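Using this note's numbering, the first residue of the sequence shown is number 252, and each one after it goes up by one. The C-beta atom is built at its ideal place from N, Cα and C for all residues, glycine as well. A quick note: this is a predicted structure, and the numbers were derived from the prediction, not measured. Only one structure is covered here, and it is reproduced in the block below.
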Amino acid sequence: GVRLVLAHGARPQIEARLAEAGVAPHFAGELRITDEATLPFVKEATGRVRIRIEASLSMSLANSPMHGARIRVASGNFVTARPLGVHDGIDYCFTGEVRRIDNQAIKTWLDSGALVLLSSLGYSPTGEIFNIGAEEVATAAAASLRADKLLLLYEGEDLRDTSGNMIRELGPADVERLLASDLPIASDMQRHLRQALRACRAGVRRIHLLRRRMAGGLLLELFSRDGVGSMVNVDVYENLRSASIDDVGGILALIRPLEDAGILVRRSRERLEMEIDRFVVLERDNSIIGCAALYPFAEEHTGELACVAVDAAYQNSGRADALLKYIETQARRQ
Numbered sequence: 252g253v254r255l256v257l258a259h260g261a262r263p264q265i266e267a268r269l270a271e272a273g274v275a276p277h278f279a280g281e282l283r284i285t286d287e288a289t290l291p292f293v294k295e296a297t298g299r300v301r302i303r304i305e306a307s308l309s310m311s312l313a314n315s316p317m318h319g320a321r322i323r324v325a326s327g328n329f330v331t332a333r334p335l336g337v338h339d340g341i342d343y344c345f346t347g348e349v350r351r352i353d354n355q356a357i358k359t360w361l362d363s364g365a366l367v368l369l370s371s372l373g374y375s376p377t378g379e380i381f382n383i384g385a386e387e388v389a390t391a392a393a394a395s396l397r398a399d400k401l402l403l404l405y406e407g408e409d410l411r412d413t414s415g416n417m418i419r420e421l422g423p424a425d426v427e428r429l430l431a432s433d434l435p436i437a438s439d440m441q442r443h444l445r446q447a448l449r450a451c452r453a454g455v456r457r458i459h460l461l462r463r464r465m466a467g468g469l470l471l472e473l474f475s476r477d478g479v480g481s482m483v484n485v486d487v488y489e490n491l492r493s494a495s496i497d498d499v500g501g502i503l504a505l506i507r508p509l510e511d512a513g514i515l516v517r518r519s520r521e522r523l524e525m526e527i528d529r530f531v532v533l534e535r536d537n538s539i540i541g542c543a544a545l546y547p548f549a550e551e552h553t554g555e556l557a558c559v560a561v562d563a564a565y566q567n568s569g570r571a572d573a574l575l576k577y578i579e580t581q582a583r584r585q
């Protein structure tokens with residue numbers, strides 16, 4: 252089943268409490284400066300949001316979508332934080348950053364069937380409390396837990412190219428180019444793209460960017476074929492492509508152990524050269540680490556999937572799924 256870790260923020264609620272109390276907020280760029288006057292309101296607002304989320308997840312009224320759900324929510328001091336410190340002469344006071352995620356404790360709760368709830372507060376070994384960006388907490392948790400997916404919810408407009416078309420899928424290198432370009436990208440989206448890039452570099456293979464206020468957006472993104480958001484996909488960076496004659500040697504080296512073990516049908520170099528246009532390969536650092544083939548039968552409007560292989564060092568990481576998805580896309584085009 253799906254194992255969920257939910258990281259929440261409280262920026263609007265913090266702003267509302269500061270306004271009620273007549274305390275002026277202070278920012279340096281996108282970061283809140285959490286001084287001694289601000290910290291009590293940060294703690295109060297964050298606590299209120301956490302309690303509200305727990306209450307919502309505890310609902311189980313008859314004739315409601317939550318009937319019989321009985322979701323158990325686990326929250327606690329899973330995030331160890333440290334002060335952000337002084338940068339460019341600015342003291343960020345009690346604004347902090349993630350030092351460590353207690354992934355073993357989180358995994359224990361997940362294994363028991365609970366949903367883990369992380370707030371935007373972190374705790375130091377000396378007992379101090381620090382205000383951390385919710386996106387940073389989510390990214391750090393996803394990396395520490397080796398999550399299959401990280402979903403980031405944003406405000407405002409979707410990510411679009413120069414023609415106004417929504418960008419559905421991009422790799423880490425594409426994100427770097429976007430952030431360095433002159434394309435007008437909202438600050439909230441820029442912040443999420445930077446976190447997506449950090450997650451990619453930390454080993455998270457898929458990061459989904461979704462509009463926060465889209466009804467049913469989360470379900471549509473996860474359980475429909477094309478989704479409704481933008482996805483940063485590490486597989487794009489690894490160059491999943493159609494094979495060429497230059498790939499024959501790499502494919503043979505990849506599949507030979509599987510042929511020797513009787514898992515794959517043996518293919519000669521000559522046969523592979525003749526059928527190379529039916530193959531796709533996954534390339535990493537100029538080495539072939541995965542392959543698959545599609546043999547179409549035009550008259551029957553069907554095709555046969557064949558010769559699916561992933562290097563042993565990269566198995567159980569979603570790469571075979573990426574090959575299958577690529578083959579399915581090719582099949583629909585034929």
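Q) At a cut of 8 Å, does the stretch 432-442 reach the stretch 490-498 through at least three beta carbon pairs? A) no
Q) With contact counted as at least three CB pairs below 8 Å, one residue from each stretch, are the stretch 397-404 and the stretch 455-471 in contact? A) yes
**Q.** Secondary structure of L410, DSSP reduced to three states
**A.** coil
Q) The beta strand (DSSP E) spanning N490 covers which residue range? A) Here N490 belongs to no beta strand (DSSP E), and DSSP marks it neither H nor E.
Q: Identify, in the order they occur along the chain, each residue of the same chain with its Cβ nearer than 6 Å to the Cβ of L290, setting aside the five sequence neighbours on each side.
A: F345
Q. In terms of alpha-carbon separation, which member of R323, A332, G347, E524 lies closest to W338?
A. In the sequence under discussion, the amino acid at residue 338 is His, which differs from the Trp named in the question. Here the closest residue by C-alpha is G347.
Q: Would you mind giving the Cβ-Cβ distance between V561 and I540, rounded to the nearest angstrom? I have them listed as a contact below 8 Å.
A: 7 Å
Q | Complete alpha helix (DSSP H) runs within the stretch 539-574 (minimum length 4 residues, chain order) | A | none
Q. Can the beta-carbon of N354 be found less than 9 Å from the beta-carbon of S395?
A. yes
Q) My guess is that A393 and A325 are in contact by the Cβ rule of under 8 Å, so how many angstroms apart are they, rounded? A) Contact flag wrong, Cβ pair sits at about 17 Å.
Q.
On the DSSP letters alone, give me the boundaries of the beta strand (DSSP E) that S624 sits inside.
A. With the chain represented from 252 up to 585, any question about residue 624 goes unanswered, as that position is not in the structure.
Q) What are the boundary residues of the beta strand (DSSP E) that L460 is part of? A) 457-462
Q. Which of the three DSSP states, helix, strand or coil, is assigned to I265?
A. helix
Q) Helix, strand or coil for H338 per DSSP? A) strand
Q: Taking L410 as the reference, give the member of D425, H318, V293 with the closest Cα.
A: D425
Q: At 4 residues or longer, and completely inside the stretch 337-366: list those alpha helix (DSSP H) runs for me, N to C.
A: 354-362
Q: Report yes if the CB atom of L366 is closer than 9 Å to the CB atom of L448, and no otherwise.
A: no
Q: Between the Cα of S568 and those of L473, A543, R457, A356, spot the shortest distance and give me the residue it belongs to.
A: R457
(Q) Just to confirm the assignment, what range does the beta strand (DSSP E) spanning M482 have? (A) 481-484
Q) Quick one: what does DSSP say T390 is sitting in, helix, strand or coil? A) helix
Q: With DSSP as the reference, please indicate the residues paired to I380 in a beta bridge.
A: Y374
Q: Throw me the rounded Cβ distance for the V516 and L491 pair, which I believe falls under 8 Å.
A: Rounded, the Cβ-Cβ distance is 23 Å, inconsistent with contact.
Q | Residue interval of the beta strand (DSSP E) (run including F530) | A | 530-535
**Q.** Separation of I506 from E281, as counted between CA atoms
**A.** 50 Å
Q) In angstroms, rounded to a whole number, what distance separates the CA positions of L308 and L257? A) 11 Å
Q. CB-CB under 6 Å to A267, same chain, minus the five flanking residues each way: which ones, in chain order?
A. none
Q: Hey, could you find the ends of the beta strand (DSSP E) V256 is sitting in?
A: 256-258
**Q.** Nearest neighbour of N484, chosen from V300, V455, G373, L469 [CA to CA]
**A.** V455
Q: Report all residues from its chain with a CB closer than 7 Å to the CB of Q264; omit the five preceding and five following residues, and keep chain order.
A: A296, R299, V300
Q) Quick one, which of I514, R518, A512 has its alpha-carbon nearest L503's? A) R518
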